[in-house]
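Enquirer: One structure, pasted below without further comment.
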Amino acid sequence: MKILHVIHGYPMRYNAGSEVYTQTLCHGLADRHEVHVFTREEDSFAPDHRLRVESDPDDPRIKLHIINNPRNKDRYRVTGIDQRFAEVLDQIQPDIVHVGHLNHLSTSLIQEAANRHIAIAYTLHDYWLMCPRGQFMQMFPENPNELWAACGGQEDRKCADRCYRRYFSGSLDEYDTDLTYWSDWVARRMTHIRAMTELVDLFIAPARYLYDRYRDAFGFPESKLVYLDYGFDRKRMAGRERTPDEAFTFGYIGTHIPAKGIHDLILAFGALRGDARLRIWGRPRGQDTEALKAIADGLPAGVSKRIDWLTEYRNQEIVRDVFNRVDAIVVPSIWVENSPLVIHEAQQARVPVITANAGGMAEYVSHEENGLLFGHRSHEALSQQMQRLVDDPELAKRLGARGYLFSESGDIPRIEEHVREIEKLYKRILTKRESARLSHRNGPWRLTFDTNPDTCNLHCVMCEEHSPHSALSRKRKEEGRTHRLMPIDLIERVIADTAPHGLREIIPSTMGEPLLYKHFEDILELCEQYQIQLNLTTNGTFPRLGAKAWAERIVPVSSDVKISWNGASKATQESIMIDSDWEAMLENVRTFIAVRDVHVENGGNRCRVTLQLTFLESNVSELADMVRLAIDLGVDRVKGHHLWTHFSEIEELSMRRSPHAIRRWNEAVVEAQAAAAERTLPNGQQILLENITLLDEGATDDLAPGGPCPFLGQEAWISAQGRFDPCCAPDAQRRSLGDFGNLHEQGLMGIWNSKEYRRLISTYRNRALCLGCNMRKPAEMQS
235 MKILHVIHGY PMRYNAGSEV YTQTLCHGLA DRHEVHVFTR EEDSFAPDHR
285 LRVESDPDDP RIKLHIINNP RNKDRYRVTG IDQRFAEVLD QIQPDIVHVG
335 HLNHLSTSLI QEAANRHIAI AYTLHDYWLM CPRGQFMQMF PENPNELWAA
385 CGGQEDRKCA DRCYRRYFSG SLDEYDTDLT YWSDWVARRM THIRAMTELV
435 DLFIAPARYL YDRYRDAFGF PESKLVYLDY GFDRKRMAGR ERTPDEAFTF
485 GYIGTHIPAK GIHDLILAFG ALRGDARLRI WGRPRGQDTE ALKAIADGLP
535 AGVSKRIDWL TEYRNQEIVR DVFNRVDAIV VPSIWVENSP LVIHEAQQAR
585 VPVITANAGG MAEYVSHEEN GLLFGHRSHE ALSQQMQRLV DDPELAKRLG
635 ARGYLFSESG DIPRIEEHVR EIEKLYKRIL TKRESARLSH RNGPWRLTFD
685 TNPDTCNLHC VMCEEHSPHS ALSRKRKEEG RTHRLMPIDL IERVIADTAP
735 HGLREIIPST MGEPLLYKHF EDILELCEQY QIQLNLTTNG TFPRLGAKAW
785 AERIVPVSSD VKISWNGASK ATQESIMIDS DWEAMLENVR TFIAVRDVHV
835 ENGGNRCRVT LQLTFLESNV SELADMVRLA IDLGVDRVKG HHLWTHFSEI
885 EELSMRRSPH AIRRWNEAVV EAQAAAAERT LPNGQQILLE NITLLDEGAT
935 DDLAPGGPCP FLGQEAWISA QGRFDPCCAP DAQRRSLGDF GNLHEQGLMG
985 IWNSKEYRRL ISTYRNRALC LGCNMRKPAE MQS
């Protein structure tokens, strides 16, 4: 396959952990795939966004597409970079885009890939998605003496004040203005980031700690997260031979930035007894490096002479240049690292590691088993652990011999094995992409008009509008707003616009009771005029005319009449559909079906009759009996969907709320399917069950993994105010999918063929609303 990696730097221009890992992975993938890399350079003497191509000097099979970004690296979006990336996508046409980091590039690169229906993987290396600075450290802490204070979590105003204050004017009179501006900037950044992360197919976390943090603190669904440790070219770590006749030597590998805690390491080293040495490898970083050397110079006399400052090394030579020259590696980071490569590399070379008891550092180092842990951000605690190895070099050898914790041999994951696991993940998301791929019809085959969402004669507990738990109706009344009512001329205009493009059915309001819509009879006339059918959902009360009169009008032009039903007993039905009358509704169904059957006997259209359920904790025990009741009544189909939890008060009613609830649901499904098979309908046909299917216990996040949307590119919804909506999700939630236009201002076919709507069709499969949608079916159930 063709794979395009995206990373903010690539060795040797940039040689930190995420860059080294990306290069190693690309080398492994290149054995079986065509591999490209989109990365950056900073050439201040060349135009912004210049794109050039070169080969990886260590593996000419890999093509590097290098974008110049010397002046815009503080932005999170750069249009020029997006445009160049789009050109690369169109040229290469990759099967997979694998993102390693987007800092110093542009976050909306993800949108460009998603627009082209390309599967997207994203390896998480730090917190940059949920922290604008990436490491949850504050540049301007509340206590100015607590440099680089740890941050407890992302908040827009706190981010502005504690990290972006460096962009403030500096005038006290303008402080509030600056704070407001940068708080808004952070808010816009975070909103955009969340929108982009929704487009990613799969996030790969190299530490369980990182997996948990993105799940718990940032809300990533587990269906889009996978834990997979890094892979390594283990040959690079082979053959270590410690240089003889040297004092016990500690080593540091990494960049000279405050987050890495080198200053704490120097202070800890300065407090040691004995003649140990400290070697610090890394590319010099101007005044930061000079400041670190100044800290070393301030140590007790003679100590700084035992600190060696060494240049960076090529990772391929890490044993010769580093591990042969140290007895222990120290990872003193003051930010909470996740899965440091140097820890793994040292463990493979059987060099013990001293690191902090935090995050992924403590995940890969077990105290006194394969290394030593110290209190995070405490140079005194670090010094104590370093002293133990100085005093007992045999302890260092024993700890180093254990190696990697998660293999019996102590060996870290081989890149060859890692590549195979990555390939499996690529195939997984490619399969999901294909199973969720949608066709886009010339026009919608069915339209739903929210004709009268504010008028209903029942108060069902799960209703978005009319539930006793809903504040919407009360709020509209308090604000003096009139009931929303769709003009009949809008309905006629939309039908006229879409009928030539394949429109077959229309559905009047599913939010209020459609038979209370004053123009309902006009809708029936439009069905006859344009030779389309009505698909009706009603609450079973048949207000105004009664069941018989309505049936005589509805049946001749209808394909299906869905009657809301939520119990097999009076108590259950009336407790869920508040203000309903069990006996009256039963009689209404019998009456409607009797009129339908006479119409069929006289050679007329056969309108299917369906009982429409919402699956709830309060009615799941009666599911099988509702099927039996439907058979007794002569109903053709029992259909339902899982609960949209609009309100906290009904969250415990959802049958998807937990694995335990799903198990109870699955038991009810088996009973309902058995009930359906017990006997046939009066016409000899088997009753149809729809959406009454077994769920995986992981369906709390994703009801139907890989299942396509049944609506996008097929159907459309029009709100009472004329807004085009892409699906039947609750009104507040479906607005999160975008603003596509209003039918009072433009034709439906124009929206149907618009760039914005087509973009949603290409990108929907990873959106949070769509993953949690109650209307999708598993891919294997699609016909």
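Take the sequence shown: its position 763, counting from 1, is numbered 997 in the numbering used here, and each next residue is one higher.
Glycine included, C-beta positions come from ideal geometry on N, C-alpha and C.
Keep in mind the model is a prediction, meaning the values are calculated, not measured.
(1) Can you tell me the Cα-Cα spacing of residue 636 and residue 584, whole angstroms?
(2) When the Cβ atoms of the segment 445-453 are set against those of the segment 508-526, are three or more pairs found closer than 8 Å?
(3) Using 10 angstroms around the beta-carbon of residue 1006, count the other beta-carbons present and answer buried if the total reaches 16, otherwise exposed.
(4) If distances are taken between C-alpha atoms only, which option among 619, 961 and 865 comes closest to residue 591?
(5) Cβ atoms of residue 977 and residue 956: under 7 Å apart, would you say?
(6) Can you name the residues that DSSP bridges to residue 246?
(7) Note the first and the last residue of the continuous beta strand (DSSP E) segment covering residue 300.
(8) Quick one: grab the DSSP three-state call for residue 467.
(9) Taking buried to mean at least 16 other C-beta atoms within 10 Å of its own C-beta, is residue 356 buried or exposed?
(10) On a Cα-Cα basis, can you pick out the residue from 899, 744 and 661 that is closest to residue 697?
(11) Can you find the residues in the same chain that come closer than 6 Å, C-beta to C-beta, to residue 564, ignoring five residues on each side of it along the sequence?
(12) Counting only the same chain and skipping the five closest in sequence on each side, list residues whose C-beta sits under 7 Å from that of residue 762.
(13) Across the segment 960-979 and the segment 332-339, are there enough close Cβ pairs to call them in contact, namely three or more that are closer than 8 Å?
(14) Of the residues 923, 419 and 892, which one's Cα is nearest the Cα of residue 873?
(15) In this structure, what does DSSP give as the bridge partners for residue 594?
(16) May I ask you to report which of helix, strand or coil DSSP gives residue 419?
(17) Cα separation between residue 887 and residue 928?
(18) Let me check understanding here. Comparing Cα to Cα, which of 626, 702 and 267 lies closest to residue 239?
(19) Since residue 352 is in the beta strand (DSSP E), which residue starts that stretch and which ends it?
(20) Name the DSSP beta bridge partners of residue 683, please?
(21) Looking at the unbroken beta strand (DSSP E) that takes in residue 275, where does it start and where does it end?
(22) Kindly give me the distance between the Cβ atoms of residue 793 and residue 769, rounded to whole angstroms, as I take these residues to be in contact under 8 Å.
(23) With DSSP collapsed to three states, give me the class of residue 372.
(24) Return the first residue and the last residue of the alpha helix (DSSP H) that residue 535 is part of.
(25) Run through DSSP, which three-state label would residue 335 get?
(26) Whose C-beta lies closer than 6 Å to the C-beta of residue 1077 among residues of the same chain, with five residues either side of it excluded?
(27) Among 828, 800, 826 and 827, whose alpha-carbon lies nearest the alpha-carbon of residue 815?
(28) In this structure, how does DSSP classify residue 968 when only helix, strand and coil are distinguished?
(29) Along the chain, where does the alpha helix (DSSP H) that runs through residue 984 open and close?
(30) Which same chain residues end up closer than 7 Å to residue 253 when comparing Cβ atoms and leaving out the 5 residues on each side of it in sequence?
(31) Which one of 283, 304, 297 and 352 has the shortest CA to CA distance from residue 313?
(32) Kindly indicate which residue of 915, 518 and 688 has the alpha-carbon position closest to the one of residue 708.
(33) Tell me whether residue 894 is buried or exposed, calling it buried when 16 or more other Cβ atoms sit within 10 Å of its Cβ.
(34) How should residue 916 be labelled, buried or exposed, when 16 other C-beta atoms within 10 angstroms of its C-beta is the threshold for buried?
(35) Under 6 Å Cβ to Cβ from residue 441, same chain only, skipping five residues before and after it: list those, please.
(36) For residue 1012, does the count of other Cβ atoms within 10 angstroms reach 16, so buried, or fall short, so exposed?
Expert: A quick look at the data gives this:
(1) Working through the sequence shown from its first residue, we reach residue 636 at position 402. Working through the sequence shown from its first residue, we reach residue 584 at position 350. The alpha-carbon atoms of residue 636 and residue 584 are separated by roughly 7 Å.
(2) no
(3) What you label residue 1006 is simply residue 772 of the sequence shown in a count that begins at 1. Residue 1006 comes out buried.
(4) Taking the sequence shown and counting its residues from 1, one reaches residue 591 at position 357. Nearest C-alpha to residue 591: 619.
(5) One-based indexing of the sequence shown puts residue 956 at position 722. One-based indexing of the sequence shown puts residue 977 at position 743. Yes.
(6) Within the sequence shown, residue 246 is the residue found at index 12, counting from 1. Here residue 246 is not bridged, per DSSP, to any residue.
(7) Stepping through the sequence shown from its first residue, residue 300 is reached at position 66. Note, residue 300: beta strand (DSSP E), 293-302.
(8) For the purposes of this step, residue 467 is taken as residue 233 along the sequence shown, with counting starting at 1. When DSSP states are grouped into helix, strand and coil, residue 467 belongs to the coil group.
(9) Sequence index remark: in the sequence shown, residue 356 carries index 122 (1-based). By the neighbour-count rule (16 or more Cβ atoms within 10 Å), residue 356 is buried.
(10) Taking the first residue of the sequence shown as 1, we reach residue 697 at position 463. Residue 697 has its Cα closest to that of 744, out of 899, 744 and 661.
(11) Taking the first residue of the sequence shown as position 1, residue 564 is located at position 330. Here the set comprises 484, 486, 499 and 588.
(12) Here residue 762 refers to the residue found at position 528 when the sequence shown is read from its first residue. Cβ within range, chain order: 791.
(13) no
(14) What you label residue 873 is simply residue 639 of the sequence shown in a count that begins at 1. Closest by alpha carbon: 923.
(15) Within the sequence shown, the letter at position 360 stands for residue 594. According to DSSP, which records beta bridges pairwise, residue 594 is partnered with nothing at all.
(16) Your numbering for residue 419 matches position 185 in the sequence shown. Residue 419: helix per DSSP, three-state reduction.
(17) Taking the first residue of the sequence shown as position 1, residue 887 is located at position 653. Taking the first residue of the sequence shown as position 1, residue 928 is located at position 694. Residue 887 and residue 928: Cα-Cα distance of roughly 18 Å.
(18) Locating residue 239 in the sequence shown gives position 5, counting from the first residue. Measuring from the Cα of residue 239, the nearest candidate turns out to be 267.
(19) Taking the first residue of the sequence shown as 1, we reach residue 352 at position 118. Following the DSSP letters along the chain, one finds residue 352 in no beta strand (DSSP E), marked with neither H nor E.
(20) For the purposes of this step, residue 683 is taken as the residue at position 449 of the sequence shown. DSSP, once it has assigned bridges, lists 952 as partnering residue 683.
(21) One-based indexing of the sequence shown puts residue 275 at position 41. Looking at the DSSP string, the run of the beta strand (DSSP E) that includes residue 275 is 268-275.
(22) The count along the sequence shown starts at 1 and reaches residue 793 at position 559. The count along the sequence shown starts at 1 and reaches residue 769 at position 535. Right, the Cβ-Cβ distance comes to about 5 Å (below 8 Å), so this counts as a contact.
(23) Taking the first residue of the sequence shown as position 1, residue 372 is located at position 138. Three-state result, residue 372: strand.
(24) Counting from one through the sequence shown, the residue named residue 535 turns up at place 301. Here residue 535 belongs to no alpha helix (DSSP H), and DSSP marks it neither H nor E.
(25) For the purposes of this step, residue 335 is taken as residue 101 along the sequence shown, with counting starting at 1. Three-state DSSP puts residue 335 in coil, outside helix and strand.
(26) The structure shown does not extend to residue 1077, since the chain spans only 235 to 1017, so no value can be given for it.
(27) Looking up residue 815 in the sequence shown gives position 581. When only C-alpha atoms are compared, the closest one is 800.
(28) Working through the sequence shown from its first residue, we reach residue 968 at position 734. The three-state reading of DSSP puts residue 968 in helix, counting H, G and I together.
(29) Numbered from 1 along the sequence shown, position 750 holds the residue referred to as residue 984. From DSSP, the alpha helix (DSSP H) with residue 984 extends over 982-986.
(30) The residue labelled residue 253 in the question sits at position 19 within the sequence shown. Taken in chain order, the residues that qualify are 241, 243, 244 and 245.
(31) Position 79 of the sequence shown, counted from the start, is the residue given in the question as residue 313. Checked all of 283, 304, 297 and 352; the closest Cα to residue 313 is 283.
(32) Translated into positions along the sequence shown, residue 708 becomes position 474. Of the listed residues, the one whose Cα sits closest to residue 708 is 688.
(33) Residue 894 sits at position 660 when you count from the first residue of the sequence shown. Looking at its Cβ environment, which holds fewer than 16 other Cβ atoms inside 10 Å, residue 894 is exposed.
(34) The residue you call residue 916 lines up with position 682 of the sequence shown. Its Cβ having fewer than 16 others within 10 Å, residue 916 is exposed.
(35) Taking the sequence shown and counting its residues from 1, the one referred to as residue 441 is at position 207. For residue 441, where only same-chain residues beyond five positions count, the Cβ hits under 6 Å are 572, 573, 594 and 597.
(36) Position 778 of the sequence shown holds residue 1012. The residue is buried, with at least 16 neighbouring Cβ atoms inside 10 Å.
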